[in-house]
Amino acid sequence: QPASSSWNELFITVQRCRDLQSRSSQQPNPYVVYKFFDFPDYPTATVDNRSHPEFNDLKSYSILMDEDLDQYLKTEVLQFYVFDYKEEQMDTYLGKARVPLLPLTRDQEVSGVFELADPSGRPAGCIAVTLRWKLPYCPSPGVTMATEEAQLFSEHHVGGVVDPNQEQANVEAEKTNRRMEDVKEMLQEEKEKLVNPHSKAAVAAISKVALPRIRGHRTQERDGAGAKRVTFVDVTPAEDK
-10 QPASSSWNEL
0 FITVQRCRDL
10 QSRSSQQPNP
20 YVVYKFFDFP
30 DYPTATVDNR
40 SHPEFNDLKS
50 YSILMDEDLD
60 QYLKTEVLQF
70 YVFDYKEEQM
80 DTYLGKARVP
90 LLPLTRDQEV
100 SGVFELADPS
110 GRPAGCIAVT
120 LRWKLPYCPS
130 PGVTMATEEA
140 QLFSEHHVGG
150 VVDPNQEQAN
160 VEAEKTNRRM
170 EDVKEMLQEE
180 KEKLVNPHSK
190 AAVAAISKVA
200 LPRIRGHRTQ
210 ERDGAGAKRV
220 TFVDVTPAED
230 K
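In the working numbering, the protein residues as written are -10 to 230.
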């Protein structure tokens, strides 16, 4: 790592969970898994037989303050998954919490208690976490320049005079052009299918059936007699970021 102000260090602390409920009659053996930016998935230690576990787990990340990181912090949330080490189904978690990252771009600490939701979306306890920078958050000059240019463009655009009639006419013309292109494409495909039912167009028409998205895969890390879930398939419905 070069000695440069473009590098910073982020500290993520998983402090504790409260009101965790196992799917069995026994108390859970909980641990937490999260994945920050492009770093590998990180699992905390496991706490045995606790519905109110204390983790006090501190993880630090040395990060380059570049445009990719800035975009990630402004558009994503950090998801914390709580698993039960006793659970036999590898893709079943006790709860999931979504923690906003945007305050980090304003050099603010993210700290608090966040509600956990089970795979059905029902309340499943809570988790306390803290995210903070070692040094003040200073994006690289390229990120700052791009932001300033975007602000200038926005101010210029807002200050300009726009003819509402002309703007509406442009929108309608664009819609009409798209419709015409769609009709032409459909007619061409139907023509090809009539000429040759085994043509590429016919095959393409059949292949337009939507396929399910594969959101990930799971691997196992051996730790004692069992295996921790590190990367896994989240079967819950997609959420708006």
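Each residue gets a CB set at the ideal place from its N, CA and C atoms; glycine is no exception.
Proximal residues to residue i (C-beta, below 7 Å), its chain only, five neighbours per side dropped
| i | result |
| --- | --- |
| D73 | S11, P17, N18, P19 and L83 |
Cβ neighbours of residue i in the same chain (closer than 6 Å, five flanking residues each side left out)
| i | result |
| --- | --- |
| I1 | K48 and L120 |
| P128 | M54 and D59 |
| H41 | R7 |
| V102 | C115 and A117 |
| L9 | P17, P19, S40, L83 and G114 |
| K75 | N18 |
| G110 | none |
| L93 | L62 |
| K24 | D30 |
Limits of the unbroken beta strand (DSSP E) element including residue i
| i | result |
| --- | --- |
| E43 | E43 to L53 |
| C127 | Neither: C127 is in no beta strand (DSSP E) and is coded neither H nor E. |
| T81 | Where T81 is concerned, there is no enclosing beta strand (DSSP E), given that its DSSP letter is neither H nor E. |
| L90 | No beta strand (DSSP E) holds L90; DSSP gives it neither H nor E. |
| V240 | The requested residue 240 is not part of the displayed model; the chain covers only -10 to 230. |
Simplified DSSP assignment, three categories, for residue i
| i | result |
| --- | --- |
| D59 | helix |
| R121 | strand |
| R95 | helix |
| E(-2) | strand |
| E65 | coil |
| V151 | Bear in mind that the predicted position of V151 carries a pLDDT of just 45, short of 50, making it too unreliable to give a figure here. |
Min CB distance residue i to chain D below 9 Å
| i | result |
| --- | --- |
| L83 | Absence of chain D from the displayed structure is noted, only one protein chain being present. |
Residues near residue i by beta carbon distance below 8 Å, same chain, minus five either side
| i | result |
| --- | --- |
| A34 | Y20, F44 and D46 |
| P112 | E104, L105 and A106 |
| V99 | V88, P89, L90, P92, L93, V118, T119, L120 and R121 |
| W(-4) | Q(-10), S51, I52, L53 and M54 |
| E(-2) | S49, Y50, S51, I52, W122, K123 and L124 |
| F28 | Y50 |
| V36 | N18, P19, Y20, P42, E43 and F44 |
Paired residues, beta bridge with residue i - DSSP
| i | result |
| --- | --- |
| G101 | V118 |
| A34 | A34 is not bridged to any residue. |
| P112 | A106 |
| F72 | Y20 |
| R304 | Nothing in the structure corresponds to residue 304, since the chain is present only between -10 and 230. |
Subject >> Inter-stretch contact (C-beta, 8 Å, three-pair minimum) for the stretch 84 to 91 and the stretch 62 to 69 >> reply: Because the criterion of three Cβ pairs below 8 Å is met, the stretch 84 to 91 and the stretch 62 to 69 touch.
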